[in-house]
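K.L.:
Have a look at this one.
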Amino acid sequence: MVFDIGIVSNKKILLVDDEEDIVNLLETVLRKEGFKNIIKAKNGIESIELCKREKPDLIVLDIMLPDIDGFLVCQEIRKFSTSPILFLSAKDEETDKILGLGIGGDDYVTKPFSPKEVAYRIKAYFRRHQIGSGKQTSYSIGNLSINEETGEVYKNRNHVILTAKEFQLLLMFCKNPNRILSKNLLYEAIWKEDYLSNENTVMVHIRHLREKIEDTPSKPKFIRTVRGLGYKLVTQENI
Numbered sequence: 218m219v220f221d222i223g224i225v226s227n228k229k230i231l232l233v234d235d236e237e238d239i240v241n242l243l244e245t246v247l248r249k250e251g252f253k254n255i256i257k258a259k260n261g262i263e264s265i266e267l268c269k270r271e272k273p274d275l276i277v278l279d280i281m282l283p284d285i286d287g288f289l290v291c292q293e294i295r296k297f298s299t300s301p302i303l304f305l306s307a308k309d310e311e312t313d314k315i316l317g318l319g320i321g322g323d324d325y326v327t328k329p330f331s332p333k334e335v336a337y338r339i340k341a342y343f344r345r346h347q348i349g350s351g352k353q354t355s356y357s358i359g360n361l362s363i364n365e366e367t368g369e370v371y372k373n374r375n376h377v378i379l380t381a382k383e384f385q386l387l388l389m390f391c392k393n394p395n396r397i398l399s400k401n402l403l404y405e406a407i408w409k410e411d412y413l414s415n416e417n418t419v420m421v422h423i424r425h426l427r428e429k430i431e432d433t434p435s436k437p438k439f440i441r442t443v444r445g446l447g448y449k450l451v452t453q454e455n456i
C-alpha cells in the first residue's frame with residue numbers, strides 16, 4: 218500500500234513537554250515530515266484539557282512534567298481517549314518502560330533522542346493504521362462486539378475504551394480465533410520490532426486487556442494462557 222502523505226498532513230499531534238527547546242525542535246522536524254497540525258502543552262493539566270478539547274490523533278508525552286507526571290496524565294487521558302501515546306523520558310529503566318506501556322502508553326523513547334526517530338515512529342504508526350479498502354469488518358464473541366473499521370469495542374453494549382496497542386492485540390486474536398499466538402509473534406506483529414527480551418511488554422498489555430474485556434480477569438474466558446506457548450482467543454468451549 219502506498220502511504221498517502223495527505224493522511225499525515227491531516228493528523229493532529231499534541232506535544233507535551235516543559236522543555237521549550239525540545240518541543241520546538243520536534244515541531245520543526247515534524248513539519249518538515251509533512252505534519253501541519255501541531256498543538257503544544259507545557260504541563261499535565263494543560264495537556265489533559267487540550268486532549269479533551271482538540272482530540273489529537275497522537276500524543277507525544279514527556280514523563281517529567283512540572284505539575285503532575287506523565288504517567289498520571291496518561292491514566293487520565295485513557296479515561297476518555299484511545300489516541301496513541303508516545304512517552305518521552307530521561308530514564309532508561311526497564312520498570313519505567315513497563316509501567317508506561319502498562320498504563321496505556323503505546324511507545325517509549327529515551328532522552329536524549331533523535332527528533333527524526335520520533336517523527337519516523339509517528340509516521341510508521343499512521344502508515345500501519347492507514348485505511349485501505351474501507352470495508353467494515355466486525356467480530357462478535359460472547360458479550361463482546363469489535364468493529365475493526367471504527368476501532369470500537371463494546372461489552373454488553375457498553376463502550377470499552379482500549380489503547381491503540383490493546384485494540385491491535387484484540388484484533389489480532391479475533392483474526393486468529395482458537396489459535397495459539399506466541400509472545401514473539403504478538404510482539405513482532407504489533408510493535409513491528411524484533412522480539413529479543415520484551416516478554417513483559419506483551420504480558421502487561423494482555424493483563425490490561427483482560428481487565429477491560431473479561432468478567433473475571435484472573436479467570437479469563439476469552440484470552441487464555443497456553444502455558445509455555447502463548448495465548449489464544451477461545452470463541453467456544455471445547456470440552
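Heads up: the sequence shown runs through residues 218 to 456, numbered per the numbering used here.
Glycine is no exception: its CB is placed at the ideal position from the N, C-alpha and C atoms.
Below 7 Å between beta carbons: does that hold for Phe343 and Ile320?
P.N.:
Taking the first residue of the sequence shown as position 1, residue 343 is located at position 126. Taking the first residue of the sequence shown as position 1, residue 320 is located at position 103. No; because the gap between Cβ atoms is not below 7 Å, this pair is not in contact.
K.L.:
If we ignore side chains and look at the alpha-carbon of each, how far apart do Gly447 and Ser435 end up?
P.N.:
Taking the sequence shown and counting its residues from 1, the one referred to as residue 447 is at position 230. Taking the sequence shown and counting its residues from 1, the one referred to as residue 435 is at position 218. Near 16 Å, if we compare the C-alpha coordinates of Ser435 and Gly447.
K.L.:
Please report the Cβ distance between Met281 and Ala307, rounded to the nearest whole angstrom; I am assuming they are in contact, meaning their Cβ atoms lie under 8 Å.
P.N.:
The count along the sequence shown starts at 1 and reaches residue 281 at position 64. The count along the sequence shown starts at 1 and reaches residue 307 at position 90. Between Ala307 and Met281 the Cβ distance is about 6 Å, and since that is below 8 Å, they are a contact.
K.L.:
Taking only the alpha-carbon atoms, compute the straight-line gap between Gly380 and Asp235 and give it to the nearest angstrom.
P.N.:
As a working mapping, residue 380 is identified with position 163 in the sequence shown. As a working mapping, residue 235 is identified with position 18 in the sequence shown. Correcting the residue identity first, residue 380 is Thr in this sequence and not Gly. Cα to Cα, Thr380 sits roughly 25 Å from Asp235.
K.L.:
At what residue ranges does the segment 226 to 285 contain a whole run of the alpha helix (DSSP H), taking only runs of 4 or more?
P.N.:
Qualifying alpha helix (DSSP H) stretches, in chain order: 237 to 249, 261 to 271.
K.L.:
The beta strand (DSSP E) spanning Ile378 covers which residue range?
P.N.:
The residue given as residue 378 occupies position 161 in the sequence shown. Note, Ile378: premise wrong, no beta strand (DSSP E); not H, not E.
K.L.:
Give the C-beta separation of Phe439 and Ile358 to the nearest angstrom, bearing in mind that I take them to be a contact with Cβ-Cβ under 8 Å.
P.N.:
As a first step, residue 439 must be located in the sequence shown, where it is residue number 222. As a first step, residue 358 must be located in the sequence shown, where it is residue number 141. About 7 Å separates the two Cβ atoms, so the contact holds.
K.L.:
If you draw a straight line from the alpha carbon of Glu263 to that of Leu275, how long is it in whole angstroms?
P.N.:
Locating residue 263 in the sequence shown gives position 46, where the first residue counts as 1. Locating residue 275 in the sequence shown gives position 58, where the first residue counts as 1. Their Cα atoms are separated by approximately 16 Å.
K.L.:
For Thr442, which three-state DSSP category applies?
P.N.:
Locating residue 442 in the sequence shown gives position 225, where the first residue counts as 1. Strand, per DSSP.
K.L.:
Report yes if the CB atom of Pro273 is closer than 7 Å to the CB atom of Leu318, and no otherwise.
P.N.:
One-based indexing of the sequence shown puts residue 273 at position 56. One-based indexing of the sequence shown puts residue 318 at position 101. No, the pair does not count as a contact, with Cβ atoms beyond the cut-off.
K.L.:
With the cut-off set at 7 Å, would you say Asp489 and Leu305 are in Cβ contact?
P.N.:
Only positions 218 to 456 of the chain appear in this structure, which leaves residue 489 out of reach.
K.L.:
Rounding to the nearest angstrom, what Cα-Cα distance links Leu387 and Val326 in this structure?
P.N.:
Sequence index remark: in the sequence shown, residue 387 carries index 170 (1-based). Sequence index remark: in the sequence shown, residue 326 carries index 109 (1-based). C-alpha separation (whole angstroms): 24 Å.
K.L.:
Going by the CB atoms, is the gap between Ile407 and Val443 shorter than 7 Å?
P.N.:
Here residue 443 is taken as the residue at index 226 of the sequence shown, counted from 1. Here residue 407 is taken as the residue at index 190 of the sequence shown, counted from 1. No.
K.L.:
Taking only three categories from DSSP, how would you classify Phe288?
P.N.:
In the sequence shown, counting from the first residue as 1, residue 288 sits at position 71. DSSP places Phe288 in helix when its eight states are reduced to three.
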